[in-house]
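Its first residue numbered 1301, the sequence shown is counted upward by one per residue in this note's numbering.
Let me begin by presenting the structure, written as structure tokens, before commenting on it.
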Amino acid sequence: MEEGIPRKTWYHRIILDMETERLYKSVKLSDKFKVKIEKGLLMLPRFYNLYPECRHIPTKSQKYRNIVLDSHLIIYRITEQRIEVLDIVPSASSVSKIRGARSVVL
């Protein structure tokens, strides 16, 4: 322990340093994840039909599809005029939350 600094202050400084380091790592990881999302979305106009139908939102026309990206789903809808990205949700989300992507109006 450092001389002249009360134990409580020293302990709080270590906790703050650990918290700062954790936040820094999470920001770096989130930046990497944003890059992965952007790459996936850039490939979407070209390869939108290669991804599977979203099993949580089945339709006869298979217009709802999803991209599995790490532990997230990018849910999109194929229309005659465009491809609409509806939501990005954690894959552990409830089925009702995933189905809620259907009601997104763009």
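Beta carbons are placed, not taken as given, at the ideal position from N, Cα and C, and that holds for glycine.
Keep in mind that this is a model prediction, so the values were computed, not measured.
| Item | Value |
| --- | --- |
| Using only the alpha-carbon positions, how far apart do SER1396 and THR1379 sit? | 22 Å |
| Quick one: Cα of MET1343 to Cα of VAL1389, how far? | 19 Å |
| Can you give me the C-alpha to C-alpha distance between ARG1377 and LYS1328, rounded to a whole angstrom? | 30 Å |
| May I have the straight-line CA-CA distance separating THR1359 from SER1403, to the nearest angstrom? | 14 Å |
| With DSSP run on the structure shown, which of helix, strand or coil describes ILE1357? | coil |
| Here's the rule I'm using: 16 or more other beta-carbon atoms within 10 Å means buried, otherwise exposed. How should ALA1392 be labelled? | exposed |
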